[in-house]
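From first to last, the protein sequence lines are chains C and V. Just so we're aligned, residue 4 is where the first sequence starts under the working numbering, counting upward by one. Just so we're aligned, residue 831 is where the second sequence starts under the working numbering, counting upward by one. A virtual CB, placed ideally from N, CA and C, is assigned to each residue, including glycine. Note that the structure is predicted; figures quoted are calculated from it, not measured.
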Amino acid sequence: MRELRISVNGEPRTLEGPATIADLLQELRLNPRMVVVELNRQIIRRPVLEATALSDGDTVEVVHFVGGG
Amino acid sequence: MTSTIPAAEPLTDLPLTIAGRTFRSRLMVGTGKYHDNATMARAIEASGAEIVTVAVRRVNLDRTQEEGILYHLHPDQYFLLANTAGCYTADEAIRYARLAREAGFNEYIKLEVIGDRETLLPDTEGLLAATRQLVKEGFAVMAYTTDDLVTALKLEDAGCAAVMPLASPIGSGLGLLNPYGIRTIKRRLSVPVIVDAGVGTASDACLTMEQGVDGILMNTALAEARDPAAMAWAMRWAVDAGRAAFLAGRMPRREVAVPSSPTRGMLAQ
């Protein structure tokens, strides 16, 4: 177990490693099918969320569709 | 000698087709700025629209239990057209477009690259650069642009699936400021021309469709109406009326009068 200090949507966050993106989404209570994830400016495709490990210093962006014109 | 039965129905029209896909409505609507999602859903339903735009934004991590917009807009009933609203550079717009496509609904993108914060007018250079890149990546690019013909032609050459000239600035409700410009773009382009931004009320929509364009996208006109669903209903028929008038072929404009009643057969004076 080690601490991972990452950034999620611009805010610092600490989680226990090892952790994958799927783990992070679960901790955030987000449905992976309703969001899109970027890890260090790379889109992480849904099928590999569970296989993609997070590292200390990572920058994660989690986006979804909202109302807009 | 055959007699002609006057048509009781409007002239038949071909369906709107963009990048090889047909749509049942020429009226497209945005999903932003509504008071609440229920009002939005009612207005969209009243509009008869099939294409609805959505934006891509960070999930609010403090409020993840709220219903997302997709709860109110089922992808089976509506065609979700993601936009790159809020992007001021080509790179930013490309990034947002890729994120939108990853959500997995379709490869269409309403491309916005904005050049000015006050007017939200497009940055033509950035728009063309982003268009070229996204076309290469297989997107069906629908580009939000000005009423300038030369830019519209460049966007078409760059491979846009549709060109979307503005009627007037986003959210301004100023209506169709440059009918000539829009008419000219429609006359010269081969790809669909869909007027986006600035429509305020039904007459704006009708006048816009009378220019011969293929469709209209509006958001604020509905969201900021006192009764959005009622305005959506009005817009639905305004778009149809304008389209029907265009297909019927309007009379010419004249600088002088031409009498509508006979000039002969007047009584002796």
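In whole angstroms, what is the alpha-carbon distance linking residue i and residue j?
i, j, result
"W780(V)", "A970(V)", "In the structure as shown, chain V starts at 831 and stops at 1099, and residue 780(V) therefore has no counterpart that could be examined."
"V38(C)", "L1007(V)", "39 Å"
"R49(C)", "A1060(V)", "40 Å"
"I1015(V)", "V1043(V)", "9 Å"
"M1039(V)", "G1001(V)", "19 Å"
"R928(V)", "A1087(V)", "57 Å"
"K984(V)", "M1081(V)", "32 Å"
"G1072(V)", "A25(C)", "50 Å"
"L1097(V)", "P1089(V)", "17 Å"
"F935(V)", "R5(C)", "38 Å"
"T1093(V)", "P1009(V)", "35 Å"
"Q907(V)", "D953(V)", "33 Å"
"H67(C)", "R1083(V)", "50 Å"
"A1032(V)", "L27(C)", "48 Å"
"A1074(V)", "A930(V)", "35 Å"
"R947(V)", "R893(V)", "29 Å"
"I46(C)", "M1048(V)", "31 Å"
"G70(C)", "S1091(V)", "54 Å"
"L1052(V)", "S998(V)", "16 Å"
"F1076(V)", "T55(C)", "55 Å"
"D59(C)", "R1017(V)", "57 Å"
"L52(C)", "L7(C)", "17 Å"
"V65(C)", "E14(C)", "12 Å"
"T1020(V)", "V1069(V)", "In the sequence as presented, Thr is not what sits at residue 1020(V); that position holds Ser. Answer to the nearest angstrom: the Cα atoms are 21 Å apart."
"P836(V)", "N867(V)", "Bear in mind that a pLDDT of 44 at P836(V), under 50, signals an unreliable position, so the number given afterwards is only what the model happens to contain. Near 45 Å, if we compare the C-alpha coordinates of N867(V) and P836(V)."
"I1024(V)", "Q1041(V)", "11 Å"
"L844(V)", "T861(V)", "27 Å"
On the three-state DSSP scale, how would you describe residue i?
i, result
"Y1010(V)", "helix"
"P15(C)", "strand"
"P952(V)", "strand"
"Y938(V)", "strand"
"L929(V)", "helix"
"I1015(V)", "helix"
"E30(C)", "helix"
"Q895(V)", "coil"
"G1072(V)", "helix"
"S10(C)", "strand"
"D1034(V)", "helix"
"E875(V)", "helix"
"Q45(C)", "strand"
"T869(V)", "helix"
"I924(V)", "helix"
"R1131(V)", "Examination of residue 1131(V) is not possible in this model, given that chain V is present from 831 through 1099 alone."
Which same chain residues end up closer than 8 Å to residue i when comparing Cβ atoms and leaving out the 5 residues on each side of it in sequence?
i, result
"M831(V)", "Its pLDDT being 40, under 50, M831(V) is placed unreliably in this model, and the coordinates cannot settle the point."
"T961(V)", "L941, V971, A973, L985, A988, G989, C990"
"G956(V)", "Y918, T919, A920, A923, V943, G945"
Taking residue i as the query, report the chain V residues whose CB atoms sit under 9 Å from its CB, ordered along the chain.
i, result
"V11(C)", "L891"
Check the Cβ of residue i against every Cβ in chain V and list those closer than 8 Å, keeping chain order.
i, result
"I24(C)", "Here the premise fails: no neighbours, minimum Cβ distance about 13 Å."
"R48(C)", "E932"
"V51(C)", "Per Cβ cutoff of 8 Å: no residues; V51(C) is ~12 Å from chain V at best."
Interface residues of chain C around residue i at Cβ under 7 Å?
i, result
"V993(V)", "Correct list: empty, because the minimum Cβ distance to chain C is about 17 Å."
"N1049(V)", "G72"
"M870(V)", "G70"
"Y864(V)", "G70"
So, for residue i: in the same chain, excluding its five sequence neighbours on each side, which residues have a beta-carbon less than 6 Å away from its beta-carbon?
i, result
"W1063(V)", "A876"
"T834(V)", "Any reading at T834(V) is ruled out, since the residue's pLDDT is 44, under 50, leaving its predicted position unreliable."
"T981(V)", "T954, T975"
"T62(C)", "S10, N43"
"A915(V)", "A885, E942"
"A871(V)", "H902"
Can you tell which of the options has its C-alpha closest to the C-alpha of residue i?
i, options, result
"D978(V)", "Q907(V), I1012(V), A1087(V), T883(V)", "I1012(V)"
"G850(V)", "A920(V), R856(V), Q895(V), A992(V)", "A992(V)"
"S855(V)", "A1074(V), I881(V), P1092(V), E932(V)", "I881(V)"
"T1050(V)", "T914(V), L1037(V), V1029(V)", "V1029(V)"
"E30(C)", "T62(C), V11(C), V51(C), D61(C)", "V11(C)"
"M1065(V)", "G862(V), D843(V), G878(V), I939(V)", "G878(V)"
"I848(V)", "F909(V), D866(V), A885(V), L903(V)", "F909(V)"
"Q963(V)", "N913(V), R888(V), V1025(V), A920(V)", "A920(V)"
"T883(V)", "E897(V), L891(V), E1054(V), K863(V)", "K863(V)"
"A1035(V)", "L900(V), L951(V), L996(V)", "L996(V)"
"Y938(V)", "Y926(V), E922(V), Q1041(V)", "Y926(V)"
"T842(V)", "E1085(V), E922(V), A1078(V), G1095(V)", "A1078(V)"
"I874(V)", "A933(V), P1058(V), P1022(V), L958(V)", "P1058(V)"
"N913(V)", "L844(V), R887(V), L1037(V), G898(V)", "R887(V)"
"T949(V)", "A933(V), G1003(V), L911(V), I899(V)", "G1003(V)"
"N34(C)", "L891(V), L857(V), E967(V)", "L891(V)"
Can you pull the chain C residues whose beta carbon is under 9 Å from the beta carbon of residue i, in chain order?
i, result
"V1025(V)", "Going along chain C, no residue has its Cβ under 9 Å from V1025(V), so there is no contact; the nearest lies around 13 Å."
"N936(V)", "Here the premise fails: no neighbours, minimum Cβ distance about 12 Å."
"L910(V)", "F68"
"I1000(V)", "G72"
Run down chain V in chain order and give the residues with a C-beta less than 7 Å from the C-beta of residue i.
i, result
"V39(C)", "L929, E932, A933"
"E64(C)", "R888"
Kindly list, in the order they appear in chain C, the residues whose Cβ is closer than 8 Å to that of residue i.
i, result
"V884(V)", "F68, V69, G70, G71"
"A915(V)", "G71, G72"
"G1028(V)", "Neighbours of G1028(V) on chain C: none; closest Cβ ~11 Å, over 8 Å."
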